[in-house]
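Enquirer:
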Amino acid sequence: MAIKLYNTLTRQKEVFEPLQPGKVSMYVCGPTVYSKAHVGHAMSALVFDIIRRYFLYRGYNVMHVMNYTDVDDKIIQRANQEGIDPIKLAERYIEEYRRHVADLNCLPATHYPRATQEIGQIISMIQNLGENDYAYAVEGDVYFRVTKDQDYGKLSGRKLEDMQAGARIGVDERKEHPMDFALWKSAKPGEPAWDSPWGKGRPGWHIECSAMNLHHLGEQIDIHGGGNDLIFPHHENEIAQSESLTGKPFARYWVHNGMMQLAGQKMSKSLGNLVTIEEFLAAHEGDALRMMVLNSSYRNPLTFGEDVIAQAESALERLRNALRPASGGQASPELQQQVEATRRAFEECMDDDFNSAGALGYLFELARTINQGKDAGQDVAGAQAALRELMTVLGLRTEKPAAQGAAAAPFIELLIEMRRELRAQKLWALSDLVRDRLAALNVVIEDSKQGTTWRWK
RNA sequence: GGCGUCGUGGCCAAGUGGCAAGGCAAGGGUCUGCAAAACCCUGAUCAGGGGUUCAAAUCCCCUCGACGCCUCCA
């Protein structure tokens, strides 16, 4: 069975064939670090983490590069407002982002290049483009000449004539064509700047990704990812730059995730309708967001809201409950067959453009099978191991991360022990009081024939 | 105006030609001192209209509606 994935470039699902057998090179556009990241950024990180984990599960060696844009107009503007160094500002948000991604249980990328660390590479690329007539300099700025690129627009399906260049923003009269875009921007006084053949300046937005790709992954890569808001102009321009330079197809598969929506609109910094990752994680665990992402298809918009979060949390709990220890039992060949069928169905879904919602459905069916097995006194350890494994493939934690009050455990157990005595003496009111008060402290108590268990809510 | 995505039960959502997965919520039941967890049972003909087909949620056309991109954006 082969993995199929939807390629924005061809607008269809294609069988994944890597450039090198057994290896996947994947580049994902990261954030511009000028303010706090929001759950939309988290969605993108989660989507590509899920994709990456699945490739790993299928035995591929994955090279995963995610960049930080750490120099641009907004960073400079924000730093000026705060009266601090732009590079410092970027550094601050990079650190924060890194923590968030870890909290979301995303595997760390293989490399995290930054624009400011690739200046040499960027300059030589621009020079090269200039020598081949793909770029021209005007007063210290350098632009890419879109008319020189035969297939410009192929990713986003646009023609130069159809684009209303400058419809919403004034056209720079110095450009040969309104759609020409900046490769290098001359510096104004006080801005971060690097020496270049065109004078002091800094790279344009698109060129950094082309340069980082070339540097870290080579002239051609398997998968290039990012949010679908990057298709145009960012990824279009990356293709233009990279392919004009190397003469080779750049990325084989372009993969784009849909946008997180809030209040019926795309969540974005410019609109201001956002929930930061920090805010989300203060109230919920990262896996709740991951469940939301898994339960929908990554290419479609995902609506953010408290009701949907609550649903995801309940669903997550159901999966984890199925993993709670069972008390031995009879081996069951039927159960084992079920497990194998689940695994096949799971893979079939994930193979089909990472249909995580479908795959998740089979995990819930497996959970039910496990619970039924428990009731029937069967040995469900093997089924639980499979569920645990497949949850991990999706990046779900099989247990709730240890709560803050871990030190309270001995005291909780003491209370449970005393409550056992109360129950033995049928002092129901008192024993229920203990349970209720613990519940108020987010400790859930459950009685069963095997005894009493507790866990953090 | 151009390019693109989408509209499935109360909510989230898979399915993209052959009797509509799964989760959450709800109601009924079993178990339990009670509760929780768990198990069993109950519910949609797929925005609307037309067409193709033996057969359509699934293909084609039209209408309505939502959203994204065309400026920075995951």
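So for the first sequence, the working numbering puts the first residue at 4; every next one is plus one. Note that the Cβ used here is the ideal one computed from N, Cα and C, for glycine as well.
How many Å lie between Phe-58 and Gly-202 at the Cα?
Expert: The residue given as residue 58 occupies position 55 in the first sequence. The residue given as residue 202 occupies position 199 in the first sequence. Going from the Cα of Phe-58 to the Cα of Gly-202 covers about 44 Å.
Enquirer: Are Arg-117 and Tyr-71 closer than 8 Å when you measure CB to CB?
Expert: Within the first sequence, numbered from 1, the residue matching residue 117 stands at position 114. Within the first sequence, numbered from 1, the residue matching residue 71 stands at position 68. In this structure, Tyr-71 lies closer than 8 Å to Arg-117 by Cβ.
Enquirer: What does the Cβ neighbour count give for Gln-340, buried or exposed, with the cut at 16 atoms within 10 Å?
Expert: In the first sequence, the residue the question calls residue 340 occupies position 337. Gln-340 should be labelled exposed.
Enquirer: Within this structure, are the beta carbons of Tyr-256 and Asn-64 separated by less than 8 Å?
Expert: The residue labelled residue 256 in the question sits at position 253 within the first sequence. The residue labelled residue 64 in the question sits at position 61 within the first sequence. The answer is no: Cβ separation not under 8 Å.
Enquirer: Which value, in whole angstroms, describes the spacing of the CA atoms of Gly-454 and Ile-415?
Expert: Within the first sequence, the letter at position 451 stands for residue 454. Within the first sequence, the letter at position 412 stands for residue 415. C-alpha separation (whole angstroms): 15 Å.
Enquirer: CB-CB under 7 Å to Gln-223, same chain, minus the five flanking residues each way: which ones, in chain order?
Expert: Taking the first sequence and counting its residues from 1, one reaches residue 223 at position 220. Around Gln-223: Leu-22, Lys-251, Pro-252, Phe-253.
Enquirer: Quick one: what's got a C-beta closer than 7 Å to Leu-326's C-beta in the same chain, skipping five residues either side?
Expert: The residue labelled residue 326 in the question sits at position 323 within the first sequence. These residues qualify, in order along the chain: Gln-387, Leu-390, Arg-391, Thr-401.
Enquirer: Which of the three DSSP states, helix, strand or coil, is assigned to Pro-206?
Expert: By 1-based counting over the first sequence, the position of residue 206 is 203. It is a strand residue.
Enquirer: Alpha carbon to alpha carbon, how far is Glu-309 from Arg-323? Give it in angstroms, no decimals.
Expert: Working through the first sequence from its first residue, we reach residue 323 at position 320. Working through the first sequence from its first residue, we reach residue 309 at position 306. The straight-line gap from Cα to Cα measures roughly 21 Å.
Enquirer: Would you check whether the ligand ADP has a heavy atom nearer than 7 Å to the C-beta of Glu-142?
Expert: This structure does not include the ligand ADP; it has no bound ligands of any sort.
Enquirer: Does the beta-carbon of Ile-210 have 16 or more other beta-carbons within 10 angstroms, so that it is buried, or is it exposed?
Expert: Start at 1 with the first residue of the first sequence, and residue 210 comes out as number 207. The residue in question, Ile-210, is buried, as its Cβ has 16 or more Cβ neighbours within 10 Å.
Enquirer: Relative to the C-alpha of Gln-80, which candidate in Ser-38, Val-42, Leu-49, Cys-109 has its C-alpha closest?
Expert: Looking up residue 80 in the first sequence gives position 77. It is Ser-38.
Enquirer: Based on DSSP bridge pairs, tell me the residues matched to Asn-10.
Expert: Taking the first residue of the first sequence as position 1, residue 10 is located at position 7. For Asn-10, which the question treats as bridged, DSSP gives the partners Gln-15.
Enquirer: Name, in chain order, the residues that DSSP records as bridge partners for Ser-189.
Expert: To locate residue 189, count along the first sequence from 1; it is residue 186. The partner list for Ser-189 (beta bridge, DSSP) reads Gly-204.
Enquirer: Just how far apart, CA to CA, sit Glu-142 and Ser-189?
Expert: Position 139 of the first sequence, counting from 1, holds the residue named residue 142. Position 186 of the first sequence, counting from 1, holds the residue named residue 189. Using only the alpha carbons, I get a separation of about 8 Å.
Enquirer: By how many angstroms is the C-alpha of Pro-195 removed from the C-alpha of Pro-89?
Expert: Start at 1 with the first residue of the first sequence, and residue 89 comes out as number 86. Start at 1 with the first residue of the first sequence, and residue 195 comes out as number 192. So the alpha carbons of these two residues sit roughly 8 Å apart.
Enquirer: According to DSSP, is Phe-147 part of a helix, a strand, or is it coil?
Expert: Position 144 of the first sequence, counting from 1, holds the residue named residue 147. Strand, per DSSP.
Enquirer: May I have the straight-line CA-CA distance separating Gln-15 from Gly-408, to the nearest angstrom?
Expert: Taking the first sequence and counting its residues from 1, the one referred to as residue 15 is at position 12. Taking the first sequence and counting its residues from 1, the one referred to as residue 408 is at position 405. The straight-line gap from Cα to Cα measures roughly 50 Å.
Enquirer: Report buried or exposed for Lys-377, applying the criterion of at least 16 other Cβ atoms within 10 angstroms of its Cβ.
Expert: Here residue 377 refers to the residue found at position 374 of the first sequence. With 16 or more Cβ atoms within 10 Å of its Cβ, Lys-377 is classed as buried.
Enquirer: Helix, strand or coil: how does DSSP classify Val-447 here?
Expert: Residue numbering aside, residue 447 sits at position 444 when the first sequence is read from its first letter. Note: Val-447 maps to strand in three-state DSSP.
Enquirer: With a CB to CB cut of under 7 Å and the five nearest residues on each side skipped, what residues in its chain are close to Leu-248?
Expert: What you label residue 248 is simply residue 245 of the first sequence in a count that begins at 1. Excluding residues within five positions, the ones whose Cβ falls inside 7 Å are Met-128, Asn-131, Leu-132.
Enquirer: Assuming Val-258 contacts Leu-8 (C-beta within less than 8 Å), just tell me the rounded distance between them.
Expert: Here the question's residue 258 lines up with position 255 in the first sequence. Here the question's residue 8 lines up with position 5 in the first sequence. Their Cβ separation, rounded to whole angstroms, is 6 Å, which keeps Val-258 and Leu-8 in contact under 8 Å.
Enquirer: I need the DSSP call for Gln-23, collapsed to helix, strand or coil.
Expert: In the first sequence, the residue the question calls residue 23 occupies position 20. Of the three classes helix, strand and coil, the one that applies to Gln-23 here is coil, per DSSP.
Enquirer: Quick one, are the C-beta atoms of Glu-288 and Lys-403 less than 8 Å apart?
Expert: Along the first sequence, one-based indexing puts residue 288 at 285. Along the first sequence, one-based indexing puts residue 403 at 400. Their beta carbons are under 8 Å apart, which means Glu-288 touches Lys-403 by this criterion.
Enquirer: Cα-Cα, which of Asn-303, Ser-299, Ala-291, Arg-346 is closest to Arg-321?
Expert: Numbered from its first residue, the first sequence carries residue 321 at position 318. Among Asn-303, Ser-299, Ala-291, Arg-346, the Cα nearest to that of Arg-321 belongs to Ala-291.
Enquirer: Hey, how far is the Cα of Ala-112 from the Cα of Gly-261?
Expert: Locating residue 112 in the first sequence gives position 109, counting from the first residue. Locating residue 261 in the first sequence gives position 258, counting from the first residue. Answer to the nearest angstrom: the Cα atoms are 21 Å apart.
Enquirer: Identify, in the order they occur along the chain, each residue of the same chain with its Cβ nearer than 8 Å to the Cβ of Val-278, setting aside the five sequence neighbours on each side.
Expert: The residue given as residue 278 occupies position 275 in the first sequence. Within the same chain, Val-278 has close Cβ partners His-41, Val-42, Leu-265, Met-270, Phe-307.
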